[in-house]
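*Asks:* Okay, here's the structure, questions in a sec.
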Amino acid sequence: MAILGSHHVGVIVKDLDRSIRFYHDTLGLEFDSEPSPWFEGEELARGVGVPGARLRQVCLRASDGLIVELLEYANRPADNDTPIQQNYLGAMHLAFRVDDVRATKAALESAGVDFLSDVNTVDEGVLAGWRWVYLHDPDGIPLELVEVAYVNEAARATGIARYLATRPEPPLTARSERVFDVNLPPDHTEPGLAR
Numbered sequence: 044m045a046i047l048g049s050h051h052v053g054v055i056v057k058d059l060d061r062s063i064r065f066y067h068d069t070l071g072l073e074f075d076s077e078p079s080p081w082f083e084g085e086e087l088a089r090g091v092g093v094p095g096a097r098l099r100q101v102c103l104r105a106s107d108g109l110i111v112e113l114l115e116y117a118n119r120p121a122d123n124d125t126p127i128q129q130n131y132l133g134a135m136h137l138a139f140r141v142d143d144v145r146a147t148k149a150a151l152e153s154a155g156v157d158f159l160s161d162v163n164t165v166d167e168g169v170l171a172g173w174r175w176v177y178l179h180d181p182d183g184i185p186l187e188l189v190e191v192a193y194v195n196e197a198a199r200a201t202g203i204a205r206y207l208a209t210r211p212e213p214p215l216t217a218r219s220e221r222v223f224d225v226n227l228p229p230d231h232t233e234p235g236l237a238r
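Counting along the sequence shown from 1, when you hit position 49 you're at 92 in my numbering, and nothing is skipped either side.
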């Protein structure tokens, strides 16, 4: 058994058509499927863990292959009108890698998208070189644009190796409780991990 890689991220939205306009028309994600009809039934309810679930969805694809599945539930709880705050357990955000975060931000602002701040630059530490900025989709779901440019690759690799060598848990071995292997792309290396 092996985890082959990421496949999709599911995002619950209030209005599927409005979200398609934002993620496809504004952000430029391409259709991976057409919007579905409404799905419902006991098997679906059990599968997603939502009694009486009734939903429709669409899959959109980013240029690197990541699929963003937008799901609209007809029976979303009335008291769930806004996403949870970013420091709450279970909170997540969806990050899109861009080649020029400042230019991307400017283009989206000209299309009417609001951002939480100016572009942030990480000057030191494990993410030194990154430039990033947060925005919200039409439902207030947090998104991030990130321009990844590590300034000290050697220090990053050394830091990963140091962590793996000194962490409190025992290192993974053939007899460990690991259930899956993760197949990383050939250009991805993490010092200290046996392949």
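Ideal placement from N, C-alpha and C gives every residue a C-beta, glycine not left out.
Tell me which residues share the same chain as E233 and place their Cβ nearer than 7 Å to its Cβ, disregarding the 5 neighbours each side in the sequence.
*Replies:* Model confidence at E233 stands at a pLDDT of 44, short of 50, so the residue's coordinates are unreliable and nothing is read from them.
*Asks:* Name, in chain order, the residues that DSSP records as bridge partners for L114.
*Replies:* I55 and Q100
*Asks:* My assumption, with CB atoms under 8 Å, is that L178 sits in contact with D157. Please give the rounded CB distance.
*Replies:* 7 Å
*Asks:* Please report the Cβ distance between V52 and L137, rounded to the nearest whole angstrom; I am assuming they are in contact, meaning their Cβ atoms lie under 8 Å.
*Replies:* Right, the Cβ-Cβ distance comes to about 6 Å (below 8 Å), so this counts as a contact.
*Asks:* Could you give the distance in angstroms between the alpha-carbon of G168 and the alpha-carbon of A197?
*Replies:* 12 Å
*Asks:* In this structure, does DSSP put A138 in helix, strand or coil?
*Replies:* strand
*Asks:* Per DSSP, what kind of secondary structure is E167 in: helix, strand or coil?
*Replies:* Correct three-state label for E167: coil.
*Asks:* Comparing alpha-carbon positions, which option in I46, R145 and R97 lies nearest A117?
*Replies:* R97
*Asks:* Given a cut-off of 8 Å, decide if V56 and E115 are closer than it, judged by their beta-carbon atoms.
*Replies:* yes
*Asks:* Which stretch, first to last residue, makes up the beta strand (DSSP E) that contains R174?
*Replies:* R174 to H179
*Asks:* Whole angstroms are fine: how far does the CA of I127 sit from the CA of A134?
*Replies:* 6 Å
*Asks:* Can you give me the C-alpha to C-alpha distance between G183 and F65, rounded to a whole angstrom?
*Replies:* 12 Å
*Asks:* Would the C-beta of V176 count as close to the ligand PLP, meaning under 7 Å from any of its heavy atoms?
*Replies:* Within the structure as shown, the ligand PLP is missing, as the structure has no ligands at all.
*Asks:* Check whether the Cβ atoms of V189 and G172 lie closer than 8 Å to each other.
*Replies:* no
*Asks:* Going by beta carbon distance, what residues of the same chain come within less than 7 Å of L72, once the five residues before and after it are set aside?
*Replies:* Y66, L103, R104, A105 and V111
*Asks:* Return the first residue and the last residue of the alpha helix (DSSP H) that E187 is part of.
*Replies:* That residue, E187, is in no alpha helix (DSSP H); its beta strand (DSSP E) goes P185 to E190.
*Asks:* So the alpha helix (DSSP H) R199 belongs to, where does it begin and stop?
*Replies:* E196 to T209
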